[in-house]
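Encoded as structure tokens, the structure appears first; notes follow it.
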Amino acid sequence: MLQRRPRRMMNQMNVVPYIDVMLVLLVIFMVTAPMFTPGVIDVPSVTRAAQVDTTPLEISIEADGRYFVGEGGKRQPMADLDALIADVQARVKDNRPVVVTAHRDLKYSAVVAVADRLHEAGIQRVALTVRQQGN
216 MLQRRPRRMM
226 NQMNVVPYID
236 VMLVLLVIFM
246 VTAPMFTPGV
256 IDVPSVTRAA
266 QVDTTPLEIS
276 IEADGRYFVG
286 EGGKRQPMAD
296 LDALIADVQA
306 RVKDNRPVVV
316 TAHRDLKYSA
326 VVAVADRLHE
336 AGIQRVALTV
346 RQQGN
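So the mapping is simple: the working numbering equals the position in the sequence shown, first residue as 1, plus 215.
Spelled out as structure tokens, the structure:
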């Protein structure tokens, strides 16, 4: 009598049905894609925006707590914080930006105090910078 070998299990997955489904979906997408029209967006054109050329007013705080106000490299010393705020209010017009430059060894609370007083005085555009050791 003939002895049959036991059937071995297939250890491969049959991917032919998956390929068939993928090809059917590809044909469906190729047929339906030309039916969709892309939306047209009308973007307004701007010829040239008016650039306001303003240089920021610079407030410098030294490591020992002295205040200076200046623009364009010319700095004037201020007696105290109240005099500084009054001078900055007089110089700032049309929402001009103000830059507070502090020495890196200065405590951060002194810089925040100046920024808070500027906001209380109605100056909204305030930026903070740090002066490096060599400057």
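Where is the CB? At the ideal position from N, CA and C, for every residue including glycine.
Beta carbon of residue i nearer than 7 Å to that of residue j
i, j, result
"valine 313", "isoleucine 338", "yes"
"glutamate 273", "glycine 285", "yes"
"alanine 317", "valine 326", "yes"
Whole-angstrom distance between residue j and residue i, CA atom to CA atom
i, j, result
"tyrosine 282", "alanine 328", "12 Å"
"isoleucine 234", "threonine 252", "29 Å"
"lysine 308", "valine 341", "14 Å"
"isoleucine 256", "asparagine 310", "34 Å"
"glycine 280", "alanine 301", "18 Å"
"proline 232", "valine 258", "47 Å"
"methionine 250", "phenylalanine 244", "10 Å"
"alanine 248", "leucine 238", "15 Å"
"valine 236", "valine 242", "10 Å"
"arginine 220", "leucine 240", "42 Å"
"glutamate 335", "arginine 290", "24 Å"
"arginine 306", "alanine 294", "17 Å"
"glutamine 218", "valine 230", "33 Å"
"methionine 225", "glycine 254", "51 Å"
Helix, strand or coil at residue i [DSSP, three-state]
i, result
"valine 313", "strand"
"leucine 240", "helix"
"leucine 321", "coil"
"threonine 247", "helix"
"valine 341", "strand"
"alanine 336", "coil"
"isoleucine 234", "helix"
"aspartate 257", "coil"
Expected contact under 8 Å - CB spacing of residue i and residue j to nearest Å
i, j, result
"leucine 296", "arginine 332", "6 Å"
"threonine 270", "glycine 287", "7 Å"
"leucine 343", "alanine 330", "7 Å"
Self-check item: Every unbroken beta strand (DSSP E) within the segment 262–305, with a cutoff of 3 residues, ordered by chain
Solution: 272–276, 282–286 and 289–293
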